[in-house]
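A.B. asks:
Residue numbers (this note's numbering): 9 to 275.
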């Protein structure tokens, strides 16, 4: 059995199948870790979602901001954005089943045996691994529970900017969500800057890429979300797998046993 991890697919179903075929991926033997943003902006969001849902136990998935956006449209009363490619999912006869499956996915996956964590946007330096897992499970319970409609109706926003243990309710859920699914630049005190989306060396004053801060552990982190850095973090510990497939870049698949990466050109 081989474990592979893949970056932001964003509905690029054909490229997903191409890159999996290049390593002879078999769900009866192998396992696929997906670093969020399964769908949206690409041409085949429905096919992608159906395929990943159909993998069953052969996949580990974390939710990205685009996946949460689909749920916010479906459950929270929000309208699709102009460039969204969610219509086929929302109109599909199996929409309810697919959305239910999506709601069961995690905000972070932690494999203690590998000393490995996967989230969509990364792992802030202000949280240790146990804290991150606990906070993720809090929000996952909300997404899966009776408060989901309230959560998705109020999910969007950049406030609070910084984590505090005393936060409660929607403020607490929103900032946890932002760390896991939207973070790029962060300040030393944990404050998030959520408007800048360019390369790592273009940090606004007082901020830096989240992966540039020292940590008190040696956990390895797999993430997506930040296409502008093209996977380059300058560290073997922090593995960026969003290489901009939906923007004409590449879809990147990594063998978690060997570290080897395979790229499928999406131009």
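Where is the CB? At the ideal position from N, CA and C, for every residue including glycine.
Everything numeric in this text was worked out from a predicted model, so none of it was measured.
Buried or exposed: where does residue 61 fall if 16 or more other Cβ atoms within 10 Å of its Cβ makes it buried?
C.D. replies: buried
A.B. asks: Here's the rule I'm using: 16 or more other beta-carbon atoms within 10 Å means buried, otherwise exposed. How should residue 250 be labelled?
C.D. replies: buried
A.B. asks: Going straight from the alpha carbon of residue 317 to that of residue 211, what length do you get?
C.D. replies: Any question about residue 317 goes unanswered here, given that the chain covers just 9 to 275.
A.B. asks: Give me the residue from 122, 18 and 84 with the minimum Cα distance to residue 42.
C.D. replies: 18
A.B. asks: With distances taken Cα to Cα, identify the nearest neighbour of residue 132 among 243, 275, 267 and 171.
C.D. replies: 171
A.B. asks: What did DSSP end up calling residue 221 once you bin it into helix, strand or coil?
C.D. replies: coil
A.B. asks: I think residue 12 touches residue 38, with their Cβ atoms under 8 angstroms apart; what is that distance to the nearest whole Å?
C.D. replies: Residue 12 to residue 38, Cβ: 6 angstroms. Contact.
A.B. asks: Taking just the CA atoms, how far does residue 83 sit from residue 152?
C.D. replies: 12 angstroms
A.B. asks: Are residue 204 and residue 188 closer than 9 angstroms when you measure CB to CB?
C.D. replies: In this structure, residue 204 sits away from residue 188, with a CB-CB distance that is not shorter than 9 angstroms.
A.B. asks: Does the Cβ-Cβ distance between residue 27 and residue 270 come in under 9 angstroms?
C.D. replies: Yes, Cβ-Cβ distance for residue 27 and residue 270 is below 9 angstroms.
A.B. asks: Pull up the CB-CB distance for residue 97 and residue 52, whole angstroms please, since I reckon it's below 8 angstroms.
C.D. replies: So it is not a contact: roughly 10 angstroms between Cβ atoms.
A.B. asks: Could you tell me which of 111, 25 and 242 sits nearest to residue 44, measuring between CA atoms?
C.D. replies: 111
A.B. asks: Under the rule that 16 or more other beta-carbon atoms within 10 Å means buried, what is residue 113, buried or exposed?
C.D. replies: Buried is the call here.
A.B. asks: Would you call residue 118 buried or exposed, if buried means 16 or more other Cβ atoms sit within 10 Å of its Cβ?
C.D. replies: Under this definition residue 118 is a buried residue.
A.B. asks: Could you tell me which residues DSSP puts in a beta bridge with residue 67?
C.D. replies: 40
A.B. asks: Does the Cβ of residue 239 have 16 or more other Cβ atoms within 10 Å, making it buried, or fewer, making it exposed?
C.D. replies: Label assigned to residue 239: buried.
A.B. asks: How big is the Cα-Cα spacing for residue 256 and residue 174?
C.D. replies: 43 angstroms
A.B. asks: Within 10 Å of its beta-carbon, does residue 145 have 16 or more other beta-carbons around it, so buried, or fewer, so exposed?
C.D. replies: exposed
A.B. asks: If you draw a straight line from the alpha carbon of residue 74 to that of residue 224, how long is it in whole angstroms?
C.D. replies: Distance from the CA of residue 74 to the CA of residue 224, rounded to the nearest whole angstrom, comes to 31 angstroms.
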